[in-house]
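**Student:** Numbering-wise, the sequence shown is residues 47 to 810 according to our numbering. After the structure tokens below, expect a handful of questions from me.
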Amino acid sequence: MRFPHGSGRRRWRSPLALIIGFAATATVLTGPISSASAPPVYQDSSKPIAARVADLLGRMNTEEKAGQLQQIAVARMQGDCQWSGGELNTECMKEVLADQHAGSVLSGGGMTPAKNTPKEWAKLTNAIQRYAIKNSRLGIPIIYGVDAVHGHNNVLGATMFQQQIGLGATWNPKLVGDVARATQRATAATGTVWNFSPVADIARDHRWGRYYETYSEDPLLAGDLAASTVKGTEDGTSGRQVAATVKHFAGYSQPLNGHDRVPGDMSLRYLQDTILPAYKKAVDAGADTVMVNSGAINGVPAHTSKYLLTDVLRKQWGFDGVVISDWDDVEYLVTKYRAAADYTEAVAKVINAGVDVAMLPPDDREFHPALMSAIKKGLISRKRLNEAAGRVLALKFKLGLFDDPYVDPAKADKIVLGADKKLARKAAAESAVLLRNENNALPLTNSDRKIVVTGPSANNLPNQLGGWSIGWQGVPEGVEVPGTTVAQGLKKNAPAGTKVDYVADPDKAVQQGKGADAVVVVVGEKPGAEGESDAPRPALAADQQKLVQRLKATGTPVIEVVLAGRPLVLGKAADPDALLMGWLPGTEGGHAIADVLFGKVNPSGRLPVSWPKSLGNDPLHYQQLPGPNSGPESSYHVAYPFGAGLSYTTFETGRPKLSDTVVGPKRTLTVTVPVSNTGKRDGVLVVPVYAARPSSDVLFPDKQLVGYTRVALKAGQSKQVEVEVPVSRLAVTSGDITGQGPKKVAPGAYQIVVGEKKADFTVR
Ligand code: NOJ
């Protein structure tokens, strides 16, 4: 249901401060709600959110308010109430929902109903909702959160989309928004209306286990796609409001040694100019919630950083939604970071820094009493308690949960099962990046009568889906997920007269490859998530490299398809006849890869990240500058640079023309680029527009992405494309190495760079 007062963001922005001021001093109306004819204001859907929140806060006692500040895993209410899963357990529901007044519940990766179907998900969220409302004195509903990060990926039978990193390769915000809308429909149908997506972290270290959960190494591209995801998640087109979460604020992707959640160090300049912009774009797109980085930056855990959570996010950016911690991060302040002497101090630090909701497994039994004790001791003010609880309640009103708390289980299967397959296939095909195509080995044609398919990921759906797929670490053993592998996709989509043989055994594949017209070898990584997915040596496994090498030695054209969450150093597998990066393409991935290999889709994907040539050079990204003492690998040492990607046709881009040659910092430049399809097939060209500086006080990368577009060109067609570049995108933090100066566009000479061609302009 859409909230009757429009989007709600603006409506509950400024009044919240007033409400909180009021509620902090208001007498608590703890008695039963009058049964007189008019319903209380908070139950009246015709009233503005601000008035409903104020009314409700005024009726709640401290315990109830404290409950809104905690989110508890559903596993605490299932089976043995630890981690067994299973049917809901009423005794534990009482503990969590009635005694602790928990304001929200989550299914972390892999926490499903006893029977994993959309209908059962809807029944589960309804049952929890019903219990919460019935057992709360004031009938307050819960919000149910989930990681639907590539479709509604915990739900068996839901379509799983390409993971974020692959979607980054589309450079297509519209398509990414469509994927988010499809996910909105699926999550809304099951009552899981708080989606912990998108990830707005940027990927610059291939070793990091969550590389694939990001969109790009580039702040502009990552920010645009994260913003599209926020809009697609929250636009209410499913008929029910869903909240997005921008995560993990901020700098989570920068652990010092590439291992997940290891503390990171970065200059204020790097934080402001490179790390923060993607989160800001996503927040500005209207995100309802933000999740905090589990790591520590510059010696301070992000969860205790008032600078990040209050000064930057609230004061500078004006964010008025809910800030949620990541999993168990309050406890970690005591047990891992030693940033608090005890749990009560940890709670106070986190809440006072600006966290509104603590995601609490497995320390939930401690949180409520600790929060109550911190409030009693005056470590957390009542004003802050009201502010945090008020934000959570405002979100619940915005999501329509007070007025329409339940979903219809009878509709869930129909809405979710196998939905949006076409879109998933399109997104996976559009994200495939063709990196090498010697002698036009691709597309496979009718004369390729016999094709051998092999490799460990050729017929392996779990490898194709990656982490966060039914299970946290990927598809659990014994679970059959409906979907199409590459081997199946090639068989189903082969042109008449072409025989596709899947050969699992490497020796037999080499043997049979000898007599084939082409061999497709699908290599890559095993699924994983978070720290378990860290790869200190992010290279293709030696046995897979060897397989490609042996196939190559047969003389048959070898098409190598990589299914992985990051570009892997390919070593001996670096020079097949054709190389296609398919990322983690989802349940329709097999069809999508077949569409590209058979030429039904002309590839248009471009790398949103850099592909390393050898190990040992991480962090690696296209904006890095070599030092004066450059060794052979100390500059940008890549197999394929950021933005690389071929097509089955050829394109030419001409010299960029600028709308102005002298501009002020607040202006927008229009860059016009002549583009032509010089080949024989229709195709889509991604046109990245970069900026460069001949000289600059603060180091400026050789080139920095400032705009881009995608253009469809028929064979032989030419067009002029226009890309808008706000000059503010050139702003950098000024000042000496402390980065104390304001972020501003330095006056002076600049260039716009498209391909090899440049155009000069000056900022006044
Ligand atoms: C931990 C992860 O860091 C975060 O991305 C996720 O949203 C939460 N767990 C909930 O599963």
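Ideal Cβ placement from N, Cα and C applies to all residues, glycine included. Given the structure is predicted, the values throughout are model-derived calculations rather than measurements.
(1) Name the residue from 375, 579 and 94 whose alpha carbon lies nearest to the alpha carbon of residue 394.
(2) Answer yes or no: the CB of residue 193 versus the heavy atoms of ligand 1, is any distance below 6 Å?
(3) Where does residue 307 sit, in a helix, a strand or coil, going by DSSP?
(4) Between the C-alpha atoms of residue 293 and residue 235, what's the straight-line distance to the nearest angstrom?
(5) I'd like the span of the beta strand (DSSP E) that includes residue 759, first residue to last.
(6) Once DSSP output is grouped into helix, strand and coil, what is the label at residue 433?
(7) Taking 8 Å as the cut-off, does the region 226-234 touch the region 257-268 (at least 3 CB pairs, one atom from each stretch)?
(8) For residue 477, which option in 173, 217 and 794 has the closest C-alpha, if you only look at C-alpha atoms?
(9) Could you spell out the range, first to last residue, of the alpha helix (DSSP H) harbouring residue 212?
(10) Nearest-angstrom Cα distance between residue 310 and residue 402?
(11) Do residue 242 and ligand 1 come close, with the Cβ less than 6 Å from some heavy atom?
(12) Just to confirm before moving on: does the CB-CB distance between residue 738 and residue 726 stay below 7 Å?
(13) DSSP state of residue 36, grouped into three classes?
(14) Taking the alpha carbon of residue 585 as the reference point, which residue from 637, 662, 518 and 744 has its own alpha carbon closest?
(15) Among 479, 638, 521 and 90, which one has its Cα closest to the Cα of residue 538?
(16) State yes or no: is the C-beta of residue 154 nearer than 6 Å to some heavy atom of ligand 1?
(17) Please report how far the alpha carbon of residue 647 lies from the alpha carbon of residue 162, in whole angstroms.
(18) The beta strand (DSSP E) spanning residue 806 covers which residue range?
(19) At the level of alpha carbons, what is the spacing between residue 505 and residue 570?
(20) Would you kindly work out how many angstroms separate the C-alpha atoms of residue 747 and residue 611, rounded to a whole number?
(21) Measuring only the C-alpha atoms, how far is residue 682 from residue 660?
(22) Identify, in the order they occur along the chain, each residue of the same chain with its Cβ nearer than 7 Å to the Cβ of residue 517, setting aside the five sequence neighbours on each side.
(23) When you measure from the CB of residue 623 to every non-hydrogen atom of ligand 1, does any distance come out below 6 Å?
(24) Let me check one thing: in DSSP terms, what residues is residue 388 bridge-paired to?
(25) Distance, Cα to Cα, residue 575 vs residue 138?
(26) Could you give the distance in angstroms between the alpha-carbon of residue 149 and the alpha-carbon of residue 368?
(27) Across the region 549-568 and the region 598-610, are there enough close Cβ pairs to call them in contact, namely three or more that are closer than 8 Å?
(28) Quick check: the Cα distance between residue 196 and residue 289, rounded to an integer number of angstroms?
(29) What is the DSSP secondary structure of residue 80, counted as helix, strand or coil?
(30) Compute the minimum distance between the beta carbon of residue 217 and the heavy atoms of ligand 1, and state whether it is under 6 Å.
(31) Mind checking whether residue 693 and residue 729 have CB atoms under 7 Å apart?
(32) In three-state DSSP terms, what is residue 685?
(33) Taking the DSSP output, what are the residues bridged to residue 699?
(34) Bridge partners of residue 190, per DSSP?
(35) Which complete beta strand (DSSP E) runs does the region 269-351 hold, if anything under 3 residues is left out?
(36) Taking just the CA atoms, how far does residue 307 sit from residue 690?
**Tutor:** Quick look at the numbers:
(1) Here the question's residue 394 lines up with position 348 in the sequence shown. It is 375.
(2) Reading the sequence shown from its first residue, position 147 is the one you call residue 193. Yes, Cβ of residue 193 sits closer than 6 Å to a heavy atom of ligand 1.
(3) Locating residue 307 in the sequence shown gives position 261, counting from the first residue. Residue 307 falls in the coil class under three-state DSSP.
(4) Counted from its first residue, the sequence shown places residue 293 at position 247. Counted from its first residue, the sequence shown places residue 235 at position 189. The alpha-carbon atoms of residue 293 and residue 235 are separated by roughly 24 Å.
(5) Reading the sequence shown from its first residue, position 713 is the one you call residue 759. Per DSSP, residue 759 belongs to the beta strand (DSSP E) from 750-759.
(6) Position 387 of the sequence shown, counting from 1, holds the residue named residue 433. Helix.
(7) no
(8) Position 431 of the sequence shown holds residue 477. Comparing Cα positions, the closest option is 217.
(9) Here residue 212 is taken as the residue at index 166 of the sequence shown, counted from 1. Note, residue 212: alpha helix (DSSP H), 210-214.
(10) The residue given as residue 310 occupies position 264 in the sequence shown. The residue given as residue 402 occupies position 356 in the sequence shown. Straight-line Cα distance between these residues: approximately 24 Å.
(11) Here residue 242 refers to the residue found at position 196 when the sequence shown is read from its first residue. Yes; taking the cut-off as 6 Å, the Cβ of residue 242 has a heavy atom of ligand 1 nearer than that.
(12) Position 692 of the sequence shown holds residue 738. Position 680 of the sequence shown holds residue 726. Contact flag unset, no.
(13) For the chain, the structure presents residues 47 to 810; residue 36 sits outside this window and is missing.
(14) Taking the first residue of the sequence shown as 1, we reach residue 585 at position 539. Of the candidates 637, 662, 518 and 744, the one whose C-alpha sits nearest the C-alpha of residue 585 is 662.
(15) For the purposes of this step, residue 538 is identified with residue 492 of the sequence shown, where counting begins at 1. Nearest C-alpha to residue 538: 638.
(16) In the sequence shown, counting from the first residue as 1, residue 154 sits at position 108. Checking every heavy atom of ligand 1 against the Cβ of residue 154, one is found closer than 6 Å.
(17) Working through the sequence shown from its first residue, we reach residue 647 at position 601. Working through the sequence shown from its first residue, we reach residue 162 at position 116. Using only the alpha carbons, I get a separation of about 34 Å.
(18) On the sequence shown, residue 806 is found 760 positions in, with the first residue counted as 1. Segment 803-809, the beta strand (DSSP E) holding residue 806.
(19) Here the question's residue 505 lines up with position 459 in the sequence shown. Here the question's residue 570 lines up with position 524 in the sequence shown. Computed Cα separation, rounded: 12 Å.
(20) Along the sequence shown, read from residue 1 onward, the residue named residue 747 stands at position 701. Along the sequence shown, read from residue 1 onward, the residue named residue 611 stands at position 565. C-alpha separation (whole angstroms): 26 Å.
(21) Residue mapping note: residue 682 aligns to position 636 of the sequence shown, counting from 1. Residue mapping note: residue 660 aligns to position 614 of the sequence shown, counting from 1. If you take the alpha carbons of residue 682 and residue 660, they lie about 11 Å apart.
(22) As a first step, residue 517 is located in the sequence shown; it is residue number 471 there, counting from the start. Within the same chain, residue 517 has close Cβ partners 155 and 156.
(23) Walking along the sequence shown from the start, residue 623 turns up at place 577. No.
(24) On the sequence shown, residue 388 is found 342 positions in, with the first residue counted as 1. None, per the DSSP bridge assignment.
(25) Taking the first residue of the sequence shown as 1, we reach residue 575 at position 529. Taking the first residue of the sequence shown as 1, we reach residue 138 at position 92. Between residue 575 and residue 138, the C-alpha separation is close to 29 Å.
(26) Here residue 149 is taken as the residue at index 103 of the sequence shown, counted from 1. Here residue 368 is taken as the residue at index 322 of the sequence shown, counted from 1. So the alpha carbons of these two residues sit roughly 12 Å apart.
(27) yes
(28) Residue numbering aside, residue 196 sits at position 150 when the sequence shown is read from its first letter. Residue numbering aside, residue 289 sits at position 243 when the sequence shown is read from its first letter. Computed Cα separation, rounded: 16 Å.
(29) Residue mapping note: residue 80 aligns to position 34 of the sequence shown, counting from 1. Any answer about residue 80 is weak, because its pLDDT of 49 lies below 50 and its placement is not dependable; what the coordinates show is given next. Residue state, collapsed to three classes: coil.
(30) If you number the sequence shown from 1, residue 217 lands on position 171. False, no ligand heavy atom lies under 6 Å from that Cβ.
(31) Along the sequence shown, one-based indexing puts residue 693 at 647. Along the sequence shown, one-based indexing puts residue 729 at 683. Cβ atoms of residue 693 and residue 729: closer than 7 Å.
(32) Here residue 685 corresponds to residue number 639 of the sequence shown, with the count starting at 1. Reduced to three states, the DSSP call for residue 685 is strand.
(33) Against the sequence shown, residue 699 aligns to sequence position 653. For residue 699, which the question treats as bridged, DSSP gives the partners 721.
(34) Within the sequence shown, numbered from 1, the residue matching residue 190 stands at position 144. In DSSP, residue 190 forms a bridge with 151.
(35) 289-295 and 335-338
(36) Residue mapping note: residue 690 aligns to position 644 of the sequence shown, counting from 1. Residue mapping note: residue 307 aligns to position 261 of the sequence shown, counting from 1. Going by the C-alpha atoms only, they are around 30 Å apart.
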